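Below is one structure, written out as structure tokens; the observations come after it.
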Amino acid sequence: MIDTTKYPVLPRKFYIRPVLTVAKDLLGKVLIRQNGKTLFAGRIIEVEAYDGNVDEAAHTFKGKTKRNEVMFNEGGYFYVYFTYGAHFCCNVVTGKQNHGSAVLIRALEPLSGIDEMIKNRFGRKLKNEKEIFNLTSGPGKVCKAFGFNREHTGLDLTNSQVFILDRPKLKKDRIGISKRIGITKSINLQWRFFEIGNPYLSR
DNA sequence: ATCAAGATTACCT
DNA sequence: GGTAATCTTGATA
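Numbers in the working numbering are just positions in the first sequence, counted from 1, shifted up by 1.
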């Protein structure tokens, strides 16, 4: 169980920066959801950047809609959307008001609330020791494990039950860079960032 | 009103 | 490695 008072909560100014900078800097930070007596915590190990100004894959590329309006907030808000008729994905909004950029949280290394995460994901106990690495190794899995859904979109990460704790930046040689996963537009942008070798990565 | 696509996952061979 | 599942959203009429 990690002590949430031990590290500072990331402030607004962390998020109001270019999306690629925030994406890389989020690696190693700790995402928290405090839900009553349950504390969910996970170390961010895989992210992707989306920027509606230049990126056809971003939800905001064609302008504001009811679904994506949170992404046009200033940095530091939580954007959760539903996709494929089954899964929620969660993002951290970045940049200045009206910019339309965000970082998708693709995978976490679970730290606290692990029993609750297992319950949320599988509704049973782990089958074997390896299954722990399937707990939060994908954007839909992260939301299922933490219990994120529509109700959480628009939350202020600087002033709510969902927030991110500061931790030291990863060393540059520990950060992998690749194309983004699961998109069909702007496929050549190398906007996926991850901690090399972490066993909780997606796919 | 209708329709195609989707920032995925689980399960199959 | 391939694909079915499932339903919301945004575009077009």
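Glycine included, each C-beta is placed from N, C-alpha and C at the ideal position. Quick caveat: nothing in here was measured; it's all calculated off a predicted structure.
Local Cβ density within 10 Å of residue i, reported as buried at 16 or more and exposed below that
i           : result
residue 84  : exposed
residue 226 : Summary: the structure shown does not reach residue 226, with the chain confined to residues 2 through 204, and so no result is reported for it.
residue 103 : buried
residue 69  : buried
residue 140 : buried
residue 111 : buried
Residues near residue i by beta carbon distance below 6 angstroms, same chain, minus five either side
i          : result
residue 25 : 194
residue 91 : 81, 106, 144 and 149
Residue from the options whose Cα sits closest to the Cα of residue i
i           : options              : result
residue 41  : 2, 185, 125 and 138  : 2
residue 4   : 35, 173 and 110      : 35
residue 17  : 94, 47 and 52        : 94
residue 15  : 75, 48, 65 and 49    : 75
residue 44  : 183, 185 and 164     : 164
residue 59  : 196, 72 and 191      : 72
residue 167 : 127, 62, 112 and 31  : 31
residue 64  : 89, 140 and 100      : 100
residue 199 : 113, 11 and 138      : 138
residue 117 : 136, 109, 97 and 128 : 136
residue 152 : 79, 11 and 21        : 79
Enclosing alpha helix (DSSP H) for residue i [first to last residue]
i           : result
residue 24  : 20-27
residue 121 : 115-123
residue 193 : Segment 193-196 is the beta strand (DSSP E) holding residue 193; no alpha helix (DSSP H) there.
residue 78  : Careful: residue 78 lies outside any alpha helix (DSSP H) and carries neither H nor E.
residue 15  : 13-16
residue 147 : 140-147
Unbroken beta strand (DSSP E) run spanning residue i, endpoints
i           : result
residue 177 : 176-179
residue 34  : 31-36
residue 50  : 39-52
residue 89  : 88-95
Pairs of beta-carbons, one from the stretch 113-124 and one from the stretch 47-58, closer than 8 angstroms: are there three or more?
no
For the structure I just gave you, are there three or more beta carbon pairs, one from the stretch 146-163 and one from the stretch 171-180, closer than 8 angstroms?
no
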